[in-house]
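Below: one structure, written as structure tokens.
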Amino acid sequence: MKIKNRITDLFDIQYPVIQGGMVWASGWKLASAVSNSGGLGLIGSGSMKPELLIEHINKCWQATNKPFGVNIPLLRKDSDELIKAALNAGVKIFFTSAGHPGKYIDILKSNNAIVVHVVSNLKQAKKAEDVGCDSVVCEGVEAGGHNGSDELTTFCLIPHVAMNINIPVIAAGGIATGSGILAALALGAEGIQIGTLFATSKESSASENYKQKIIEANETDSTLLFRKIGLVRTLKNEFTNSVKDAEDNGANNDLLRELLATKREFKGIFEGNFKEGLMETGQALGVINNIYSTQEIFNKLITEYDDSLNKLNKMSL
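Those letters in the sequence shown? Residues 0 to 316, per numbering that gives the first Met the number 0, in order.
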């Protein structure tokens, strides 16, 4: 995999592979391992207070001399504190999501930071470009965790956005193989963000039971929930069955928020509670069959990418 484009140049990385900033899974160990393997690691601040984020950033600085970044969910009430903490700790790469990046673009740019925003449609991508973001992550509904209400698939979203904005596009959602990386690049993306595959890695801070449940699952074992209050893709379990029943019976938004807001992600991802937790995962379940180290994941992705590219080249007339 020899790729040099605007994304590798923007982040000064060897491969245009970015690890998702996942709650309870992407701490400093995973972020530094991804960066040391040639990609861009992200610390997921969505499950952290500012003090814990600073601790993870400092440990990441000690574990790698490669670029890494922080993912900031802007819906957090303390998102401004998380951003200030990360800036004070020397972070220069910010991935923002679930909100409008324009609110923080001035402070980030005044500190010479690179800003990337996660979007789920063209309108959002254009807004991110207009306020000064350096790139966008176009996330299809195949992705694990929180998704856009339009439910656009990665294959439809990526080419549409790439043809209509000038900043580089990073593809996300359902990508967990080297052939998937090649397909995303062919569609117009210049980078790829991978979540679930890295969440199952040895360096992920997710529980071993969460990882094992992902490994055991097949392509039909994820489901979409909470369409009324904010779409979430997660592994099917007893809790998701109860939510489905509540939604089918006309549960109001307050009840749904109550179901979602009781540390479900912590229970599922960090504690490995398969009965009562949210085990957020993407639809790439069918091709994730082992728990690998991050370096082994990169080796596998690179081999698959090269093999797929060679097969395509042999088909050319």
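Glycine included, every Cβ here is placed at the ideal spot set by N, Cα and C.
Three-state secondary structure assigned by DSSP to F94
The count along the sequence shown starts at 1 and reaches residue 94 at position 95. Strand.
Report yes or no: is there a C-beta of chain D within less than 7 Å of the C-beta of I106?
The structure shown contains no chain D, having only a single protein chain.
Boundaries (first-last residue) of the beta strand (DSSP E) holding V22:
Taking the first residue of the sequence shown as position 1, residue 22 is located at position 23. Unbroken run through V22: none, as it is neither H nor E.
Which of helix, strand or coil DSSP assigns to H145:
For the purposes of this step, residue 145 is identified with residue 146 of the sequence shown, where counting begins at 1. Of the three classes helix, strand and coil, the one that applies to H145 here is strand, per DSSP.
Once you ignore the five residues that flank Q13 on each side, which residues in its own chain have a CB closer than 8 Å to its CB?
As a position in the sequence shown, residue 13 is number 14, starting the count at 1. Answer for Q13: T7, G37, G38, listed in chain order.
Measuring straight from C-alpha to C-alpha, what distance separates M278 and S315?
For the purposes of this step, residue 278 is identified with residue 279 of the sequence shown, where counting begins at 1. For the purposes of this step, residue 315 is identified with residue 316 of the sequence shown, where counting begins at 1. Near 42 Å, if we compare the C-alpha coordinates of S315 and M278.
Around the C-beta of Q123, are 16 or more other C-beta atoms found within 10 angstroms, so that it is buried, or is it exposed?
As a first step, residue 123 must be located in the sequence shown, where it is residue number 124. Classification of Q123: buried, given that the 10 Å Cβ count is 16 or more.
Between V118, I82, A88, which has its C-alpha nearest L104's C-alpha?
The residue given as residue 104 occupies position 105 in the sequence shown. A small correction: the amino acid at residue 104 is Ile; Leu does not occupy that position in the sequence shown. Of V118, I82, A88, the smallest CA-CA separation from I104 is found for I82.
Taking the runs of the alpha helix (DSSP H) that are 4 residues or longer, which of them lie wholly in the segment 151 to 219?
153 to 161, 177 to 185, 195 to 198, 207 to 215
Contact under 7 Å by Cβ, G194 with P158
For the purposes of this step, residue 194 is identified with residue 195 of the sequence shown, where counting begins at 1. For the purposes of this step, residue 158 is identified with residue 159 of the sequence shown, where counting begins at 1. Not closer than 7 Å, so no.
Could you tell me which residues DSSP pairs with P72 in its beta bridges?
Residue numbering aside, residue 72 sits at position 73 when the sequence shown is read from its first letter. Partner(s): S96.
Short check: CB of A84 to CB of C59, under 7 Å?
Along the sequence shown, one-based indexing puts residue 84 at 85. Along the sequence shown, one-based indexing puts residue 59 at 60. Taking 7 Å as the Cβ cut-off, A84 and C59 do not qualify as a contacting pair.
Would you check if there are 3 or more beta carbon pairs closer than 8 Å linking the segment 64 to 83 to the segment 39 to 51?
yes
Buried or exposed: where does A260 fall if 16 or more other Cβ atoms within 10 Å of its Cβ makes it buried?
Here the question's residue 260 lines up with position 261 in the sequence shown. Of the residues assessed, A260 falls on the exposed side of the cut-off, its CB having fewer than 16 other CB atoms within 10 angstroms.
Quick test of your reading: H116 and L230, contact by CB under 8 Å. State the CB separation rounded to the nearest angstrom.
Locating residue 116 in the sequence shown gives position 117, counting from the first residue. Locating residue 230 in the sequence shown gives position 231, counting from the first residue. In fact, because the Cβ distance is near 18 Å, the residues do not count as touching under 8 Å.
Considering only residues of the segment 26 to 84, which uninterrupted beta strand (DSSP E) runs meet the minimum length of 3 residues and lie entirely inside it, listed in chain order?
40 to 43, 67 to 72
Helix, strand or coil for T280, going by three-state DSSP, please let me know.
Along the sequence shown, one-based indexing puts residue 280 at 281. Here T280 sits in coil by DSSP.
Secondary structure at Q294, three-state DSSP: helix, strand or coil?
Along the sequence shown, one-based indexing puts residue 294 at 295. It is helical.
Is DSSP giving E270 helix, strand or coil here?
Locating residue 270 in the sequence shown gives position 271, where the first residue counts as 1. Coil at E270, not helix or strand.
Please classify S292 as buried or exposed, where buried requires at least 16 other C-beta atoms within 10 Å of its C-beta.
Taking the sequence shown and counting its residues from 1, one reaches residue 292 at position 293. S292 comes out exposed.
Between I214 and I287, how many whole angstroms is the CB-CB distance? I'm expecting something under 8 Å.
In the sequence shown, residue 214 corresponds to position 215, counting from 1. In the sequence shown, residue 287 corresponds to position 288, counting from 1. Indeed, because the Cβ distance is near 6 Å, the residues count as touching under 8 Å.
Along the chain, where does the alpha helix (DSSP H) that runs through V242 open and close?
Position 243 of the sequence shown, counting from 1, holds the residue named residue 242. Here the alpha helix (DSSP H) through V242 covers 237 to 247.
Exposure of K227, with buried meaning 16 or more beta-carbon neighbours within 10 Å:
Here residue 227 corresponds to residue number 228 of the sequence shown, with the count starting at 1. Its Cβ having fewer than 16 others within 10 Å, K227 is exposed.
Would you list the residues sitting across from I17 in a DSSP beta bridge?
Residue numbering aside, residue 17 sits at position 18 when the sequence shown is read from its first letter. DSSP lists L39, Q192 as partners of I17.
Per-residue DSSP class, three states only, for E317:
Here the chain comprises residues numbered 0 to 316, so residue 317 is not present and cannot be evaluated.
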